[in-house]
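Participant: Be aware that the sequence shown starts at 1362, since it is given in the working numbering, and climbs by one per residue. Backbone N, C-alpha and C define an ideal beta-carbon position, used for all residues, glycine too. The structure that follows is given in the form of structure tokens.
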Amino acid sequence: MSSHVVPDTQQRERPDRDLRETLQRDDLERPRGLEEAANGWLWILLFSLVAIGIGAVFAVTQVRSRSAPGIHGAQMTHNVARGALVVSVTEQGTLESSENTEIICQVNGDWRSGGRTTVTWVVENGQTVKAGDDLVRLDTLYIEEEINERTKYAHWSRAGADSWKFQMARRKLAVPEYLEGRYVVELMEKEKELAIAESDLGTAKNLLVHAEQMAARGYVSELEVERSEFQVTQFQLDVEVKQTEIDVLKRFTKTEQLANLNGEVEVAKAQFEASDERAFADESRRDRSVETLGFCVMKAPRDGLVIYPSAAKWKNEPDITVGGSVHKEQLLLIMPDLTKMQVKIGIHESLIDRIKAGLTARVTLADRTIEAKISSVATVTQPGGWWTGNVVKYDTIIAIPPGSGLKPGMSAEVEVLIAQHPDELLIPVAAVVETEGGFFCWVQRPDGPQRQALQLGDSNDAFMIVKSGIQQGDAVLLNPVAFVEGAQGDATQTPGQAELQQGAIQTDAAPQTQGTEKPTDNAKQPATESQPAASTP
1362 MSSHVVPDTQ QRERPDRDLR ETLQRDDLER PRGLEEAANG WLWILLFSLV
1412 AIGIGAVFAV TQVRSRSAPG IHGAQMTHNV ARGALVVSVT EQGTLESSEN
1462 TEIICQVNGD WRSGGRTTVT WVVENGQTVK AGDDLVRLDT LYIEEEINER
1512 TKYAHWSRAG ADSWKFQMAR RKLAVPEYLE GRYVVELMEK EKELAIAESD
1562 LGTAKNLLVH AEQMAARGYV SELEVERSEF QVTQFQLDVE VKQTEIDVLK
1612 RFTKTEQLAN LNGEVEVAKA QFEASDERAF ADESRRDRSV ETLGFCVMKA
1662 PRDGLVIYPS AAKWKNEPDI TVGGSVHKEQ LLLIMPDLTK MQVKIGIHES
1712 LIDRIKAGLT ARVTLADRTI EAKISSVATV TQPGGWWTGN VVKYDTIIAI
1762 PPGSGLKPGM SAEVEVLIAQ HPDELLIPVA AVVETEGGFF CWVQRPDGPQ
1812 RQALQLGDSN DAFMIVKSGI QQGDAVLLNP VAFVEGAQGD ATQTPGQAEL
1862 QQGAIQTDAA PQTQGTEKPT DNAKQPATES QPAASTP
């Protein structure tokens, strides 16, 4: 058997280590216990909520089981009373200026990129600028290359035009130079030769006379006389040749030379005009490119606020951005006149006949409400599209009185007051059911709900004016289709069934239904999802 002896130092360290491990284990187990306690309370709360829900369902079931026959659920009624009815339409719009200084692109871009130019810098939206400040900078590389090319072509064309201009002037001088110079010299030469030929002819004739006299005396032979006669004939022909040359020079050569010289003048003139037109065209293209280069930096024409134009509704970014491309005549920026503000809204086609210029409108901004007037109503509808849900609306402009703190782009809620009825008998829209036979409501009677025919007038989203059918103080059921068995069938019956039902009602309640008829055009039906929201009285 063997035994191990533990040193005193190890015996003293072991209790300390055990104590530390115990404390660490307690620290780890304490949060775990708290977490388990919290989970327990959570399960208790969950079971309590489930029990409450089951009890509520049971209570509702018991209430419905005690309801009268034909009535489903708790009845909600409204006591018919007289009151004021305000008919209005509410639409959302955006504040804008009626007079804007438009910054329009005047740069015709590269044809290789579809005539578009890249934006290299643009002022921030909503920034206030001074007159002369830069607003937009466009890429100039293509225009600078075009200027260089056009300048080269313009110099070539101008050099050709100047050359032909010199040729035209020189050829014009050739005409008088020929008439007063070469032609005169040539004519004088011909006349001199004619004079010499005539002189030689005279001499030959004298020698012939002398030879004939000497031959008659026997001093010379006949051969000498024949030689003298030949010389006379030769000189006579020379004289005739010289005379003919002078005549040809005067009649033909002169005219031919003048025609050639004048033709050369016309050719030079035509070449000069063509070259001058070509040079003018090249210079005009160069000048336009230089002018376009100046348009690449657009400056503020006056002090004021600069905003981006509203992008199309289907776009997710503005039309002008750094790195984007723009085309000529595109609206880039707007400098609005903040003293002339307006709100443009769209009015649904079902209400546009009642919207006229001059109607009062309440414009609600984030921090204030402004009383305004309708200034104009469009006669042509906005183009519909998938982004508008194919809803047909007409642009309506509300002029805003001048005020401080108004800026374009602010959201505005516009309530247009269409009509005001100070004292009318009113019934909630929720209490009216429309059928093929007219409008009806259900009045609470001691023996249960009774259907009543109505003749209605104007309305808004909450109430309708009752012209006949019920009286003040009658309790009408709200949403009778959900609570009365017969109401849903009346709302969906066919025209033939509606006529039979209407006859039965006239028999039971003749005084109330004699005046029942379809509402006039001025009587508005209960609002639907396609109609704009309207205010309650």
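I'd like to confirm something about residue 1551: is its beta-carbon nearer than 7 Å to some heavy atom of the ligand NAD, or not?
Facilitator: Ligands displayed in this structure: none; no statement on the ligand NAD is therefore possible.
Participant: Report back the beta-carbon spacing between residue 1637 and residue 1522 to the nearest angstrom; my notes put them in contact at under 8 Å.
Facilitator: With 8 Å as the limit, residue 1637 and residue 1522 qualify as a contact, their Cβ atoms being about 4 Å apart.
Participant: Taking C-alpha atoms, which residue in 1665, 1633, 1560 and 1564 lies nearest to residue 1489?
Facilitator: It is 1665 whose Cα lies nearest to the Cα of residue 1489.
Participant: Determine the extent of the alpha helix (DSSP H) in which residue 1645 is found, giving its start and end residues.
Facilitator: Segment 1615-1656, the alpha helix (DSSP H) holding residue 1645.
Participant: Taking the straight line between their C-alpha atoms, what separation do you get for residue 1799 and residue 1792?
Facilitator: If I take the Cα positions, the gap works out to 14 Å.
Participant: State the beta-bridge partners of residue 1509 as determined by DSSP.
Facilitator: DSSP lists no partner for residue 1509.
Participant: In whole angstroms, give me the CA-to-CA distance for residue 1920 and residue 1561.
Facilitator: Within the shown structure, residues of the chain are numbered from 1362 to 1898, placing residue 1920 beyond reach of any answer.
Participant: Quick one: is residue 1580 buried, meaning 16 or more other Cβ sit within 10 Å of its Cβ, or exposed?
Facilitator: Exposed is the call here.
Participant: Please tell me whether residue 1582 and residue 1569 are closer than 8 Å, where the distance is taken between their beta carbons.
Facilitator: Not closer than 8 Å, so no.
Participant: Is residue 1881 helix, strand or coil when you go by DSSP?
Facilitator: In this prediction, residue 1881 scores a pLDDT of 36, lower than 50, which makes its location untrustworthy; the coordinate-derived value is nonetheless stated afterwards. Coil at residue 1881, not helix or strand.
Participant: Where do the N-terminal and C-terminal ends of the alpha helix (DSSP H) with residue 1540 fall, by residue?
Facilitator: Run containing residue 1540: none; DSSP gives neither H nor E here.
Participant: What residue does the beta strand (DSSP E) around residue 1692 start on, and which one ends it?
Facilitator: 1692-1697 is the span of the beta strand (DSSP E), which, as asked, contains residue 1692.
Participant: What is the DSSP secondary structure of residue 1771, counted as helix, strand or coil?
Facilitator: If DSSP states are grouped into helix, strand and coil, residue 1771 belongs with coil.
Participant: Any idea what DSSP makes of residue 1729, helix, strand or coil?
Facilitator: If DSSP states are grouped into helix, strand and coil, residue 1729 belongs with coil.
Participant: Exposed or buried, which one is residue 1527 when buried takes at least 16 other CB atoms within 10 Å?
Facilitator: Residue 1527 is exposed by the Cβ-count criterion.
Participant: Mark residue 1775 as exposed unless 16 or more other C-beta atoms lie within 10 angstroms of its C-beta, in which case mark it buried.
Facilitator: Residue 1775 should be labelled buried.
Participant: Can you pull the DSSP bridge partners for residue 1820?
Facilitator: Note: residue 1820 sits in a beta bridge opposite 1825.
Participant: For residue 1478, is the classification buried or exposed, using 16 other Cβ atoms within 10 angstroms of its Cβ as the cut-off for buried?
Facilitator: Answer is buried; the Cβ neighbour count reaches 16.
Participant: Relative to the C-alpha of residue 1826, which residue among 1619, 1602, 1651 and 1448 is closest?
Facilitator: Comparing Cα-Cα distances from residue 1826 to each of 1619, 1602, 1651 and 1448, the minimum goes to 1448.
Participant: What number of angstroms, rounded off, separates the C-alpha of residue 1713 from the C-alpha of residue 1646?
Facilitator: Their backbone Cα atoms lie some 52 Å apart in a straight line.
Participant: Near residue 1508, what residues of its chain come up, given a Cβ to Cβ distance below 7 Å and the 5 sequence neighbours on each side ignored?
Facilitator: 1647, 1650, 1651 and 1654, listed in sequence order.
Participant: Could you give the distance in angstroms between the alpha-carbon of residue 1963 and the alpha-carbon of residue 1462?
Facilitator: No answer is possible for residue 1963: it lies beyond the span of the chain, which begins at 1362 and ends at 1898.
Participant: Between the Cα of residue 1533 and those of 1789, 1624 and 1822, spot the shortest distance and give me the residue it belongs to.
Facilitator: When only C-alpha atoms are compared, the closest one is 1624.
Participant: On the three-state DSSP scale, how would you describe residue 1582?
Facilitator: In this structure, residue 1582 counts as coil in the three-state DSSP scheme.
Participant: Just to confirm, is the Cβ distance from residue 1757 to residue 1738 under 8 Å?
Facilitator: For residue 1757 and residue 1738, yes; Cβs fall inside 8 Å.
Participant: Using only CA atoms, which one of 1591, 1446 and 1410 lies nearest to residue 1823?
Facilitator: That would be 1446, whose Cα lies nearest to the Cα of residue 1823.
Participant: Can you tell me whether DSSP reads residue 1755 as helix, strand or coil?
Facilitator: Strand.
Participant: Work out the CA separation of residue 1541 and residue 1502 for me, nearest whole Å.
Facilitator: Taking the straight line from one Cα to the other gives about 60 Å.
Participant: Taking 8 Å as the threshold (C-beta atoms), are residue 1480 and residue 1683 in contact?
Facilitator: For residue 1683 and residue 1480, yes; Cβs fall inside 8 Å.
Participant: Just curious, the alpha helix (DSSP H) that residue 1836 is in, first and last residue?
Facilitator: Here residue 1836 belongs to no alpha helix (DSSP H); instead the beta strand (DSSP E) covers 1836-1838.
Participant: Pull up the distance between the alpha-carbon of residue 1550 and that of residue 1529, whole angstroms please.
Facilitator: Their backbone Cα atoms lie some 30 Å apart in a straight line.
Participant: What does a CB cutoff of less than 8 Å around residue 1773 pick up in its chain, not counting 5 residues either side in sequence?
Facilitator: Contacts found: 1453, 1454, 1455, 1456, 1704, 1724, 1725 and 1726.
Participant: According to DSSP, which residues form a beta bridge with residue 1813?
Facilitator: BP columns for residue 1813 point to 1802.
Participant: Residues bridged to residue 1966 by DSSP?
Facilitator: Given a span of 1362 to 1898 for the chain in the structure shown, any question on residue 1966 remains unanswerable.
Participant: What three-state label does DSSP hand residue 1663 in the structure shown?
Facilitator: Three-state DSSP puts residue 1663 in coil, outside helix and strand.
Participant: Have a look at residue 1465 and residue 1663 and give me their C-alpha separation to the nearest angstrom.
Facilitator: For residue 1465 and residue 1663, the distance between alpha carbons rounds to 15 Å.
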